[in-house]
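Here's the structure we're looking at; comments come further down.
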Amino acid sequence: MGPLETKPDGAGRGGFFLLVFGRSVCYIAGMTSLPPMGGLVGRPGVPGGAAGGSGHAAARAVFDDGGDDEALLQALAAMQQLSKAGEPRHLFKLAADFILGATGDDTAHAVLVVSDAGLGPGEFRVTRRLVSTPHRRMVVESFEDESVAPVLRGGVVASLLRKKRPELVREIELRAEDPLADELAGLGECLVLPVFHEGRVGRRYLVFRPRWGAVEVSGVERAMLLAGFIETSIANLQSARWIEAYARELSVQLERVSRQQKHLLPRAHSERPGRWAGVEEHCPGLDVGLAYRPAIRAGGDYFQFFPLPGLDGSTNSERLVTVVADVSGHSADAAMVMSMLHAILRGDAPLSAGPGAVLSHLNSRIHPLLMEGQFVTAAVLEIDPGAKGGMGRVVYATGAHPPPRLVRSGVGVLSLEHANGGLIGLEPGMLFPEAEAEFRVGDRVLLYSDGLIDSLAQSSHLGSTNSVDQLDAHLTNLSHLDSEATCAELMHLSRGDGTGPAIDDITVVCVGRRASLAE
């Protein structure tokens, strides 16, 4: 890979030059064209560099006078090759080729990238090296993790590291005890090119040859820019790889959290995944459906069922406490808080004392465990289907959670919004009011997280600007379905075309009262 050649008449080209290094694109304004194949800063015995020129004149030379477009074609070839370099060692090799030039002979040379960051006086690391000996035996090495490069001390390189400016050092004295005596044998002159990082000299390119010819300042400028851009591109490549590795590890961890989280939620029926597995066993008078979809693999939504004995002692009128909670956020930290909610509710929560008492207990227990800015919303329902043929009831309390919806046949959708308290976890000692509604045969009550109404609003074609109104309209249209089918259809509607990703965790729980125990 050689640099761009000038036109045969040797005229310089100004304007701009575009370099593409791996995943980085560098734009150099006002730079003259790269010199011929002899190198950016000269070859042995031959002055390097090229005369500058007007950018407008260069454009006319290529496009207006019908002249040779060889320089443009070489620029395209250079950018293409640079853009394909996906390995740090390949980018470094290209940088060395540009700086040295593809001379085509067997002249020995060495290019070392050296850093003394974090090391003691006289110590250094060679983080990248290219050593070429006669007959084209070449070694190219680049450490992915520069901290594993061996620490060397003293010798020629240590003395060159004291130079803060670009400099051509001639008559280098190499001693047998030098830590790089083998690599630098026969190379008597070195071009020092400092490379800056965050305003300071972070490392240096040391370009060794047996003898350097005349070196022009303009060539050194281009070489320094190129070395700096290459080092930045290599750092970007390494950062991208580290990010990809961390992302893979995070993905594995989130998958584990997701699997563990699913164990905390109610178990779905083996033959009907949209139905709670314990409904027939614990609540024969109720029809319970559920649907859950986290925005990512680990979510902050939580729902649970707690069967309680009937108030009249009848096994045919068992009550059901239903909880739906939503932790702020939907990442791994939200999933952790969700597991805390599960432990608190499964522990000593006063489930028989009513929904308001459950929320007060949950608030007092979760408050000291939350980080700053975290909070929980929740709705708790105690559903009593009543004795066969009798009147049932729903007792409810919410903590800044979307109001439950009561779907009543022949009446419509009622909002259970008369018992709303504050956000859970912000202040200790909060009280949560309760309210009650009749629960007739054929009624269904819906609990949900705000991800449902947000997603319905995004995907709805009903024309309403009120997302809760859209939910009520859907519930009216779905009133002929049972609880399981209602949850499934609402989840489908929240996706728009049925395939889009969730914008938030979505939980839907629907509990209906059967007409008879035989249904």
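Residues 970 to 1488 (the numbering used here) are what the sequence shown spells out, left to right.
No residue lacks a Cβ here, since even glycine has one placed at the ideal position from N, Cα and C.
Chain-order list of residues whose beta-carbon lies under 7 angstroms from that of residue i (same chain, five-residue window excluded)
i: Cys1252; result: Pro1276, Glu1287 and Leu1289
i: Met1399; result: Ser1329, Asn1332, Gly1390 and Gly1391
i: Ala1426; result: Ser1436 and Gln1439
i: Pro1135; result: Val1161, Leu1162, Pro1163, Val1189 and Met1193
i: Glu1224; result: Arg1266
i: Leu1339; result: Val1306 and Gly1394
i: Pro1354; result: Gly1254, Leu1255, Ser1286, Gly1361, Phe1408 and Arg1482
DSSP state of residue i mapped onto helix, strand, coil
i: Gln1229; result: helix
i: Ser1418; result: coil
i: Met1107; result: strand
i: Cys1456; result: helix
i: Gly1182; result: coil
i: Ile1335; result: helix
i: Val1410; result: coil
i: Met1193; result: helix
i: Thr1076; result: coil
i: Gly1342; result: coil
i: Ser1084; result: strand
i: Arg1210; result: helix
i: Leu1425; result: helix
i: Glu1092; result: strand
i: Pro1004; result: Residue placement at Pro1004 cannot be trusted, given a pLDDT of 39 that sits under 50; the coordinates are not used to answer.
i: Gly1481; result: strand
i: Ile1472; result: coil
i: Leu1404; result: The sequence as given places Ala at residue 1404; Leu does not occur at that position. Of the three classes helix, strand and coil, the one that applies to Ala1404 here is strand, per DSSP.
i: Ser1463; result: coil
i: Ser1448; result: coil
Within 8 angstroms, strictly: CB atoms of residue i and residue j
i: Met1360; j: Glu1407; result: yes
i: Val1363; j: Gly1323; result: no
i: His1443; j: Leu1462; result: yes
i: Ala1246; j: Ala1260; result: no
i: Leu1063; j: Ala1054; result: yes
i: Asp1474; j: His1299; result: yes
i: Leu1143; j: Ala1150; result: yes
i: Arg1097; j: Phe1061; result: yes
i: Ile1335; j: Val1345; result: yes
i: Val1296; j: Tyr1174; result: no
i: Gly1374; j: Arg1409; result: The sequence given here places Arg at residue 1374; Gly does not occur at that position. No, the pair does not count as a contact, with Cβ atoms beyond the cut-off.
i: Ile1472; j: Asp1423; result: yes
i: Asp1147; j: Val1117; result: no
i: Leu1350; j: Thr1445; result: no
i: His1078; j: Leu1069; result: yes
i: Val1477; j: Leu1459; result: yes
i: Gln1207; j: Glu1113; result: yes
i: Gly1325; j: Cys1456; result: no
i: Arg1122; j: Gly1168; result: no
i: Pro1235; j: Phe1274; result: yes
i: Ala1388; j: His1370; result: no
Beta-carbon proximity list for residue i, same chain, < 8 angstroms, skipping 5 on both sides
i: Pro1016; result: For Pro1016, the predicted structure reports a pLDDT of 42, less than 50, and the residue's modelled location is therefore unreliable. A value from the coordinates is still provided. These residues qualify, in order along the chain: Gly1182, Ala1183, Val1184 and Glu1185.
i: Leu1088; result: Arg1094 and Val1120
i: Glu1489; result: One cannot answer for residue 1489 here, as it falls past the ends of the chain, which runs 970 to 1488.
i: Arg1029; result: At Arg1029, the pLDDT of 44 sits below 50, so the modelled position is not reliable; the number obtained from the coordinates is stated separately. Within the same chain, Arg1029 has no close Cβ partners at all.
i: Lys1133; result: Pro1163 and Val1170
i: Glu1405; result: Arg1362, Val1363, Val1364 and Tyr1365
i: Pro1057; result: Arg1097, Ser1111, Glu1113, Ile1203, Leu1206 and Gln1207
i: Ala1454; result: Gly1243, Gly1258 and Leu1447
Same chain only: Cβ atoms within 6 angstroms of residue i, ignoring 5 sequence neighbours per side
i: Leu1310; result: Tyr1271 and Ala1294
i: Asp1441; result: Val1382
i: Asp1489; result: Here the chain covers residues 970 to 1488 and nothing more, so residue 1489 does not appear.
i: Val1108; result: Val1100
i: Glu1200; result: Val1164
i: Ser1384; result: Pro1372
i: Asp1256; result: Asp1451, Ser1452, Gly1481 and Arg1483
i: Ile1352; result: Leu1289, Val1363 and Val1480
i: Val1226; result: Ala1267, Ala1301 and Ala1304
i: Asp1412; result: Arg1377 and Arg1482
i: Val1080; result: Ala1065, Leu1099 and Val1176
i: Gln1343; result: Ser1297
i: Glu1152; result: Ala1079 and Val1100
(request) Take every Cβ of the region 1256 to 1268, pair it with every Cβ of the region 1315 to 1329, and state whether three or more of those distances are shorter than 8 angstroms. (result) Short answer: they don't touch.
(request) For the region 1109 to 1147, list the alpha helix (DSSP H) runs that are entirely contained and at least 4 residues long, ordered along the chain. (result) The qualifying runs are 1124 to 1129.
(message) Extract the residue ranges of the beta strand (DSSP E) inside the region 1346 to 1394, only unbroken runs of 3 or more that lie entirely within it.
(response) Here the runs fully enclosed are 1361 to 1368, 1374 to 1377 and 1381 to 1384.
(message) Which complete beta strand (DSSP E) runs does the region 1224 to 1305 hold, if anything under 3 residues is left out?
(response) 1255 to 1262, 1270 to 1277 and 1288 to 1296, all fully within the region 1224 to 1305.
(message) Ignoring anything shorter than 3 residues, give me the beta strand (DSSP E) runs that lie fully in the region 1149 to 1183, in order along the chain.
(response) Correct list: 1158 to 1166 and 1169 to 1178.
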